[in-house]
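Residue numbers (the working numbering): 2 to 274.
The beta carbon of each residue, even a glycine, is placed where N, CA and C say it ideally should be.
Being a predicted model, the structure only gives us computed values, none of them experimental.
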């Protein structure tokens, strides 16, 4: 296993966009009329963007969970700050149907220049990105958001590594109406094996929780041309389920890891909701 190769396949949100991820997210959200809030979830505070004007109360709240962000600067340099430069999940959330309430949730240590403060450590955006403490913080944040919006059920929508977090969260809850993932690492053991990189020691694996997930309606989207999370990863996840109970997945021709989810999101989503 070659540790130095790991960052090449883990950078979920590109180093190809604006150099300041904090400003980029703020401009995107404020332009759409969304506001920022920090949730004091334990052990990690998490940033959330929510609409300034909330649609009339519905029983279900869509919660978009961000990808892994800028985990690495190069193939052998861990990023000091995992804030995404291209916040794909935020862009997807902002294209959610306006008549349905939706919110955005970042991952631990993203945004706000908090990556250098305890309990943040680089392991939490590298090998321990799906650790129990990461999932616990996300659970706490989801509890807060559902209470804030008076939701009885949640639809979890995760992009890239955020889909793995969404699945792990869903496995522990009884109030998830649906799980939707986009280009997501749902079996990181299959993923590290495929890329011949170091296993994510300290991280929970969604595929290991298939029994807790088998009764949750779910749908998984992956691009045929995704070199980072290729279709074989979601297929490995699906194979954990009994043949007659495997969750549906859609492999979309021509889509990659970042292209072209945002542009086509409303059309893709209406088929899933």
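Beta-carbon separation (whole angstroms), residue i vs residue j, contact threshold 8 Å
i, j, result
"residue 93", "residue 266", "5 Å"
"residue 78", "residue 163", "That pair is no contact at about 23 Å."
"residue 165", "residue 207", "5 Å"
"residue 263", "residue 96", "7 Å"
"residue 272", "residue 219", "Actually they are not in contact, since the Cβ atoms of residue 272 and residue 219 sit about 14 Å apart, beyond 8 Å."
"residue 64", "residue 143", "6 Å"
"residue 230", "residue 184", "5 Å"
"residue 204", "residue 118", "Contact flag wrong, Cβ pair sits at about 22 Å."
CA-to-CA distance, residue j to residue i, given in whole angstroms
i, j, result
"residue 42", "residue 167", "16 Å"
"residue 249", "residue 215", "11 Å"
"residue 268", "residue 120", "39 Å"
"residue 153", "residue 138", "20 Å"
"residue 217", "residue 71", "31 Å"
"residue 232", "residue 122", "31 Å"
"residue 251", "residue 105", "24 Å"
"residue 53", "residue 254", "36 Å"
"residue 176", "residue 62", "11 Å"
"residue 201", "residue 193", "8 Å"
"residue 47", "residue 110", "7 Å"
"residue 51", "residue 221", "24 Å"
"residue 151", "residue 60", "7 Å"
"residue 116", "residue 34", "27 Å"
"residue 235", "residue 49", "27 Å"
"residue 245", "residue 39", "42 Å"
"residue 199", "residue 55", "43 Å"
"residue 174", "residue 73", "32 Å"
Same chain only: Cβ atoms within 7 Å of residue i, ignoring 5 sequence neighbours per side
i, result
"residue 149", "none"
"residue 68", "13, 14, 85, 89, 90, 160, 161, 162 and 163"
"residue 141", "42 and 43"
"residue 171", "157, 177, 180, 214 and 217"
Other residues of its chain near residue i: CB distance less than 6 Å, five sequence neighbours each side excluded
i, result
"residue 237", "188 and 191"
"residue 211", "241 and 242"
"residue 132", "203 and 204"
Residue i burial status per 10 Å Cβ neighbour count (16 or more: buried)
i, result
"residue 81", "exposed"
"residue 102", "buried"
"residue 32", "exposed"
"residue 224", "buried"
"residue 8", "Below a pLDDT of 50, predicted positions are generally treated as unreliable, and residue 8, at 42, falls in that range; the measurement from the model is reported next regardless. The residue is buried, with at least 16 neighbouring Cβ atoms inside 10 Å."
"residue 28", "exposed"
"residue 128", "buried"
"residue 196", "buried"
"residue 21", "exposed"
"residue 75", "exposed"
Cut-off 8 Å between Cβ atoms - residues of its own chain near residue i, not counting five sequence neighbours on either side
i, result
"residue 23", "84, 112, 113 and 114"
"residue 45", "109, 110, 120, 121, 125, 134, 135 and 138"
"residue 145", "40 and 42"
Beta carbon proximity, residue i to chain B, threshold 7 Å
i, result
"residue 45", "No chain B is present in this structure, which holds just one protein chain."
field: Secondary structure, beta strand (DSSP E): runs of 3+ residues fully inside the stretch 176-200
entry: 177-183
message: If we require 4 or more residues per run, which alpha helix (DSSP H) segments fall completely within the stretch 215-261?
response: 232-239
>> As an exercise, report each continuous alpha helix (DSSP H) stretch of at least 4 residues that is fully enclosed by the stretch 124-155, in chain order.
In response: 133-150
*Whole alpha helix (DSSP H) elements within the stretch 84-112, 4-residue minimum*: 89-95
Check your understanding: Taking only runs of the beta strand (DSSP E) that begin and end inside the stretch 17-55, which ones reach a length of at least 3 residues, in chain order?
Key -> 35-40 and 47-52
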